[in-house]
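Down below is the structure, laid out as structure tokens.
Structural data, given as structure tokens:
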């Protein structure tokens, strides 16, 4: 009696759970915070009370917040872009320019998203800053997160040891958290302005990470 041929099972798709967390959760939280800010809900009022406790302007917090300036963070990304471009070109990497262009476009996307959101929400700033609106979300936080985070994602594949990769990620985290702390401590932004920019930046950087992972040469995929 002939043995029936065993049917080949179609390869299972990758479980979407981590992707949902990395992209969906920050996007959902950002939407929730934005809705609360626009509707003047209880969350912004709690945020303002928290700010009064945290604000204590000093020179150190001002210096930390300056790390989120375009003139500081973007040149750091530009150096990383140049290094990766030269290294990929000299190494003969196929489509070496693709990660560089992707990270540069992501950085350009930050003001394209943040500026309209500032206009939409029209949130006043903390009492320390001059009267005005357009403080939500924090542009300095988003600039720092995408610039330093983008540079980190570009440089990670070229590092040979796990220790070097951990150090780079830690430096990136310290820079972004330092900017965030400085902005709130100095009174330049409400805490929710900063948290919202974390969420927005998480979506952008996760998108860049997924793009880089899909387009990386086979030998460099992790």
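Numbering (the numbering used here), first residue to last: 9 to 230. Backbone N, C-alpha and C fix where the C-beta goes; we use that ideal spot for every residue, glycine too.
Determine which residues share a DSSP beta bridge with residue 132 and list them.
-> Residue 132 pairs with 141.
Residue 59: which of 73, 125, 129, 134 sits nearest, CA to CA?
-> 134
Examine the Cβ distances between the stretch 79–93 and the stretch 196–206 and report whether three or more of them are shorter than 8 Å.
-> no
Proximity to residue 117 [Cα-Cα], best of 211, 218, 224, 223 = 211
Report yes if the C-beta distance between residue 75 and residue 183 is below 8 Å; otherwise report no.
-> yes
Three-state secondary structure (DSSP) at residue 33?
-> helix
How about residue 201 and residue 145: do their beta carbons lie closer than 8 Å?
-> yes
Determine the burial state of residue 68: buried for a count of at least 16 other Cβ atoms within 10 Å of its Cβ, exposed for fewer.
-> exposed
Just list the beta strand (DSSP E) runs in the stretch 73–137, keeping only unbroken ones of 3 residues or longer that don't cross its boundaries, in chain order.
-> none
Candidates 213, 190, 61: which alpha carbon is nearest residue 32's?
-> The residue with the shortest Cα to Cα distance from residue 32 is 213.
Taking buried to mean at least 16 other C-beta atoms within 10 Å of its own C-beta, is residue 141 buried or exposed?
-> The residue in question, residue 141, is exposed, as its Cβ has fewer than 16 Cβ neighbours within 10 Å.
To the nearest angstrom, how far is it from the Cα of residue 39 to the Cα of residue 161?
-> Looking at the two C-alpha atoms, the distance is approximately 25 Å.
Using CA coordinates, which residue listed in 203, 174, 138 is at the minimum distance from residue 187?
-> 203
Outcome for residue 97 when other beta-carbon atoms lying within 10 angstroms are tallied against a minimum of 16 = Residue 97 comes out exposed.
Leaving out five residues before and five after residue 224 in sequence, what residues of the same chain have Cβ atoms less than 7 Å from its Cβ?
-> 165
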